[in-house]
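Visitor: Okay, here's the structure, questions in a sec.
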Amino acid sequence: TARNGFGGMLELQRMAELASMVLGLALVCAHLPPRWPGGERISIPLHWRIGVLAVFVLMFQSGQSHAVDRYAVSNVFFVLVWYRILFGTPEQPVTWRIWTFPGLLRWAWLAAGVVLWMFAWLLLGWQPLG
Numbered sequence: 122t123a124r125n126g127f128g129g130m131l132e133l134q135r136m137a138e139l140a141s142m143v144l145g146l147a148l149v150c151a152h153l154p155p156r157w158p159g160g161e162r163i164s165i166p167l168h169w170r171i172g173v174l175a176v177f178v179l180m181f182q183s184g185q186s187h188a189v190d191r192y193a194v195s196n197v198f199f200v201l202v203w204y205r206i207l208f209g210t211p212e213q214p215v216t217w218r219i220w221t222f223p224g225l226l227r228w229a230w231l232a233a234g235v236v237l238w239m240f241a242w243l244l245l246g247w248q249p250l251g
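Those letters in the sequence shown? Residues 122 to 251, by our numbering.
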């Protein structure tokens with residue numbers, strides 16, 4: 122929509138910020154009960170979840186929420202939770218088959234993370250709309 126003139130760089134930045142908040146909150150809530158019966162049980166430490174939430178709380182508490190996408194994707198806990206959901210632990214293999222529900226979600230997590238990181242870093246000074 123930005124390339125067709127329906128929005129500009131500011132709208133693109135706002136969409137990246139919204140996407141980072143949605144992905145961050147999804148990471149915090151991932152693999153919490155209730156779970157599917159027989160589903161994957163990937164443990165995510167509580168302090169990792171708090172670390173992801175702390176970025177959002179500190180950004181909005183300080184009034185500096187204009188760069189929440191860059192702060193979120195550069196947070197070590199954000200990356201740790203995302204990596205644990207994608208690849209599991211060394212003792213626990215995960216499903217990557219796209220025709221299974223966990224595999225489909227895993228591919229969606231992978232795509233969402235890569236696209237968000239790409240937008241966050243390319244929007245630092247890149248002007249794709251001229």
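Think of the CB as a built atom: it goes at the ideal place given N, C-alpha and C, for glycine as much as any other residue.
(1) Could you give the distance in angstroms between the alpha-carbon of Ala232 and the alpha-carbon of Trp203?
(2) Is it the case that the segment 157–166 contacts the segment 191–207, given that we only count it when at least three CB pairs across the two stretches are under 8 Å?
(3) Closest to Thr221 by CA distance: which of Ser141, Val149, Gly159 and Leu174 is it?
(4) Between which two residues does the alpha helix (DSSP H) containing Leu174 stretch?
(5) Check the DSSP bridge columns for Gln213 and list the partner residues they point to.
(6) Can you grab the Cα-Cα spacing for the pair Pro214 / Leu153, in whole Å?
(7) Go ahead and pull the three-state DSSP assignment for Ser164.
(8) Which same chain residues, not among the five before or five after Arg227, have their C-beta less than 8 Å away from its C-beta?
(9) If distances are taken between C-alpha atoms only, which option among Glu212, Ser195 and Arg191 comes closest to Gln134?
(10) Closest by CA to Val197, which one among Arg156, Val143 and Leu148?
(11) Inspect the beta-carbon positions of Gly145 and Ala188 and report whether they are closer than 8 Å.
(12) Let me confirm a value: Val236 is counted as buried when at least 16 other C-beta atoms fall within 10 Å, else exposed. Which label applies?
(13) Taking the alpha-carbon of Phe199 as reference, which of Met130, Val143 and Leu131 has the nearest alpha-carbon?
(14) Look at the alpha carbon of Gln185 and the alpha carbon of Pro155, and state the distance between them as a whole number of angstroms.
Guide: If we stick to the structure as given:
(1) Counting from 1 along the sequence shown, the entry for residue 232 is found at position 111. Counting from 1 along the sequence shown, the entry for residue 203 is found at position 82. Ala232 and Trp203 have their C-alpha atoms some 11 Å from each other.
(2) yes
(3) Sequence index remark: in the sequence shown, residue 221 carries index 100 (1-based). The residue with the shortest Cα to Cα distance from Thr221 is Gly159.
(4) Sequence index remark: in the sequence shown, residue 174 carries index 53 (1-based). Its alpha helix (DSSP H) spans residues Leu167 to Ser183.
(5) Counted from its first residue, the sequence shown places residue 213 at position 92. Answer by DSSP bridge pairing, in chain order: Thr210.
(6) As a working mapping, residue 214 is identified with position 93 in the sequence shown. As a working mapping, residue 153 is identified with position 32 in the sequence shown. When rounded, the distance between both Cα atoms is 19 Å.
(7) Stepping through the sequence shown from its first residue, residue 164 is reached at position 43. In the structure shown, Ser164 adopts coil according to DSSP, grouped into three states.
(8) Position 106 of the sequence shown holds residue 227. Excluding sequence neighbours, Arg227 sits near Ile206, Leu207, Val215, Thr216 and Trp217.
(9) Taking the sequence shown and counting its residues from 1, one reaches residue 134 at position 13. The option with the nearest alpha carbon to Gln134 is Arg191.
(10) The count along the sequence shown starts at 1 and reaches residue 197 at position 76. Considering only alpha carbons, the answer is Leu148.
(11) Position 24 of the sequence shown, counted from the start, is the residue given in the question as residue 145. Position 67 of the sequence shown, counted from the start, is the residue given in the question as residue 188. No, Cβ-Cβ distance for Gly145 and Ala188 is not below 8 Å.
(12) Residue mapping note: residue 236 aligns to position 115 of the sequence shown, counting from 1. So Val236 counts as exposed.
(13) Here residue 199 refers to the residue found at position 78 when the sequence shown is read from its first residue. The residue with the shortest Cα to Cα distance from Phe199 is Val143.
(14) Your numbering for residue 185 matches position 64 in the sequence shown. Your numbering for residue 155 matches position 34 in the sequence shown. Taking the straight line joining both Cα atoms gives about 35 Å.
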